[in-house]
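The structure appears right after this line, and notes come after that.
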Amino acid sequence: MSPAIPTLGYTRSAIALHWLIAVLIFCAFPLGIYMADLPFSPGRLKLYSYHKWIGVTVFLLAIARLLWRLRHPAPPPAAGLPAWQHVASVATHHLLYVLILAVPLSGWLMSSAKGFQTVYFGILPLPDLLDKNKELGDLLLQVHQVLNFTLGALVITHLTAALKHHFIDRDEVLGRMIPFLDRKK
Amino acid sequence: MKKSATALALGALLLAPALAQVDAAKSSVVAVSKQMGVPVEGRFKRFSAQVSFDPARPAEGKASVEIDIASFDLGAEDFNRETVKPEWFNAAKFPKATFVTSAIKPAGPGKFEAAGKLTIKGLTRDIVAPVSFKTEAGQQVFEGMLPIKRLQFNIGEGEWKDTSTVADDVQIKFRLVTARK
Chain A
0 MSPAIPTLGY TRSAIALHWL IAVLIFCAFP LGIYMADLPF SPGRLKLYSY
50 HKWIGVTVFL LAIARLLWRL RHPAPPPAAG LPAWQHVASV ATHHLLYVLI
100 LAVPLSGWLM SSAKGFQTVY FGILPLPDLL DKNKELGDLL LQVHQVLNFT
150 LGALVITHLT AALKHHFIDR DEVLGRMIPF LDRKK
Chain B
0 MKKSATALAL GALLLAPALA QVDAAKSSVV AVSKQMGVPV EGRFKRFSAQ
50 VSFDPARPAE GKASVEIDIA SFDLGAEDFN RETVKPEWFN AAKFPKATFV
100 TSAIKPAGPG KFEAAGKLTI KGLTRDIVAP VSFKTEAGQQ VFEGMLPIKR
150 LQFNIGEGEW KDTSTVADDV QIKFRLVTAR K
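Respectively, the protein sequence lines represent chains A and B.
Taking numbering that gives the first Met the number 0, the leading residue of the first sequence gets 0, the next gets one more, and so forth.
Taking numbering that gives the first Met the number 0, the leading residue of the second sequence gets 0, the next gets one more, and so forth.
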C-alpha cells in the first residue's frame, strides 16, 4: 500500500504552491480589511479589483494544490508526536485546504449577489453563479468575514505549531516546508 | 388672416400623430459603464417621454425624453450616494437629462436613426441614436443602444477623470414603449 521509499518531505511543487498561496493570502487579507473602510474613490475601486484578482488566483492555485496533494501525500508526522497533536495537525491542515477554496469562493459569490461581476485582471469575466440579491449579498459578506477570521485563526495556529516544532521540539517539520532550514542537510 | 392661421394650426394638429406618453412599466433607460473592466448597470428609475412616430413617415416623427437624474440606481447604496454628487451628475444643480430629436430617418427595415440633442449635466451634444422599431399589441416599441463618452458630459470630475478605473465609454440602453391610447 505505502510506497517502498516513504515520502519524507514535500515535493518542490507542493512547497512552491504552499508559499505562493501563503504570500497571496498575506496580501489579500489585510487589503480586504483596509479597503472596506475607504471612502469612495478610484483608489478604492482599484483595490477591490486587486483583492478579487488575488482571490481568484488563490482559488486556482488551491485547486492545483489539492489535485497535486491527491497524487503526492503529505509526509508522515514527526517521530514521537503525541497522538492529539497529530489529530490536531491533520484537522488544521484539512480545514486550511477547505478554507483556501471556501474563502475566495464566498467572495466570488458575494460579488455576484451584490451585482458586481468578478472580471479577472479586468479581462476575463467570471460567470456570476448567483443572481443579484441584496439580502443574499449582505449574508455572503458575513460568511466571507467569518470564513476569513477562521482562516486567520487557523493560520496563526499553523504558524505557532510550525515554530514550536522548529524551536522547541527541534525536529525537521519546518525544514520540510523551508528547505534551507532543513536540519538533515 | 388670424382665422386661417388658427385653422391651419388646428389642421396640422389633427394631421400630425398625437404625442404619446410612454408606458413606464415597460420602458427602461439603463446606463452601462465599466469599472476596472467590470460592467456595471445603472437604471434611471424615473423618466418621462413623449413620442410621435409613424413608421411610414419617419421624417415627421419626433420624440423627447426627460430623465430624473436623482433616480439613477446602480443597485448599491454607497454607489448611489456618490453618483448624485457634483463630481458625477451634480443632480442638485442639473436634476434633468434630456434628449430631443431633431431628425429621424430610416436605416433599414425596422431601423431608424434618431438624431438629436442630448443634454446631461447642463452640456448639450449632438448625437445619433440607432433605434429599432416594432409594434407590440398596439404599443409602439423603440429600442436601442447609444454609446456615449462620459467625459464629454463632464460626468466624473477631479480624480474620476481617470478612465483607467471608470472607462470613458458608457452605453445607454433604452426601451421606450408608448402607452395605449
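Ideal Cβ placement from N, Cα and C applies to all residues, glycine included.
- Short of 8 Å from the beta carbon of L104 (chain A), and not among the five residues preceding or following it, lie these beta carbons of its own chain, in chain order: F58.
- One finds nothing in chain A with a Cβ atom closer than 7 Å to the Cβ of E59 (chain B); even the nearest lies about 41 Å away.
- Rounded to the nearest whole angstrom, the CA to CA distance from S101 (chain B) to A69 (chain B) is 26 Å.
- Per the C-alpha coordinates, the member of B:K104, B:I119, B:R80 positioned closest to E112 (chain B) is B:K104.
- Taking 7 Å as the upper bound on Cβ-Cβ separation, chain B lies near residues K113, G114, F115, Q116, V118 of the stretch 109-120 of chain A.
- Rounded to the nearest angstrom, the gap between the Cα atoms of K120 (chain B) and A166 (chain B) is 18 Å.
- Not a single C-beta of chain B is nearer than 8 Å to the C-beta of F58 (chain A).
- Under the criterion of beta carbons closer than 8 Å, V64 (chain B) and F46 (chain B) qualify as touching, at roughly 6 Å.
- When DSSP assignments are scanned along the stretch 8-51 of chain A, the uninterrupted stretches of alpha helix (DSSP H) that are 4 or more residues long and fall wholly within it turn out to be 11-35.
- Note on Q34 (chain B): 16 or more other CB atoms within 10 angstroms of its CB, so buried under the neighbour-count rule.
- A24 (chain B) carries a coil assignment under DSSP once its states are collapsed to helix, strand and coil.
- Residues L108, S111, A112 of the same chain have their beta carbon placed closer than 6 Å to that of L129 (chain A), with the five preceding and five following residues left out of the count.
- Residue burial is scored here from C-beta neighbours: G107 (chain B) has fewer than 16 other C-beta atoms within 10 angstroms and is therefore classed as exposed.
- Contact check between the stretch 75-83 of chain A and the stretch 13-27 of chain A: fewer than three CB pairs, one atom from each, fall below 8 Å, which does not count as touching.
- Within the stretch 38-63 of chain A, the residues whose Cβ lies closer than 7 Å to any Cβ of chain B are, in chain order, F39, S40, P41, L44, K45, S48.
- Here the C-alpha atom of G115 (chain B) lies approximately 15 Å from the C-alpha atom of S51 (chain B).
- Residue contact check for I32 (chain A) against chain B: no CB pair falls below 8 Å.
- Flagged as an interface residue toward chain A: P38 (chain B), by a C-beta distance shorter than 8 Å.
- In the DSSP assignment, F148 (chain A) falls within the alpha helix (DSSP H) that extends over 133-166.
- DSSP lists no bridge partner for A91 (chain B).
- Here G137 (chain B) has R179 as same chain residues with Cβ atoms under 7 Å from its own Cβ, once five neighbours each way along the sequence are excluded.
- For D77 (chain B), the enclosing alpha helix (DSSP H) starts and ends at 76-82.
- Using a C-beta cut-off of 8 Å, the stretch 47-61 of chain A makes contact with the stretch 8-20 of chain A, since at least three inter-stretch Cβ pairs fall below that distance.
- For P57 (chain B), the closest C-alpha among the options B:K172, B:F93, B:T162, B:F132 is that of B:F132.
- Residue state for K160 (chain B) is assigned as helix, using DSSP reduced to three classes.
- Per DSSP, P129 (chain B) lies in no alpha helix (DSSP H) segment; the continuous beta strand (DSSP E) that holds it begins and ends at 122-135.
- Proximity of M35 (chain B) to chain A, defined by a Cβ-Cβ separation below 8 Å, is satisfied.
- Per DSSP, T118 (chain B) lies in no alpha helix (DSSP H); the unbroken beta strand (DSSP E) holding it starts and ends at 110-119.
- Pairwise C-beta distances place the stretch 39-53 of chain A in contact with the stretch 112-124 of chain A, as three or more of them are shorter than 8 Å.
- If you draw a 10 Å sphere on the C-beta of E171 (chain A), you find 16 or more other C-beta atoms in it, and that means buried.
- Between the alpha carbons of G42 (chain A) and K160 (chain B) lies a distance of about 13 Å.
- Taking a C-beta distance under 8 Å as the contact criterion, S40 (chain A) and E158 (chain B) qualify as a contact pair.
- Remark: C-beta atoms of T118 (chain B) and T134 (chain B) do not approach each other more closely than 8 Å.
- Here A15 (chain A) has no same chain residue with a Cβ atom under 6 Å from its own Cβ, once five neighbours each way along the sequence are excluded.
- In the DSSP assignment, S51 (chain B) falls outside any alpha helix (DSSP H) and lies within the beta strand (DSSP E) extending over 46-51.
- With respect to chain A, the C-beta atom of E65 (chain B) has no partner C-beta closer than 8 Å.
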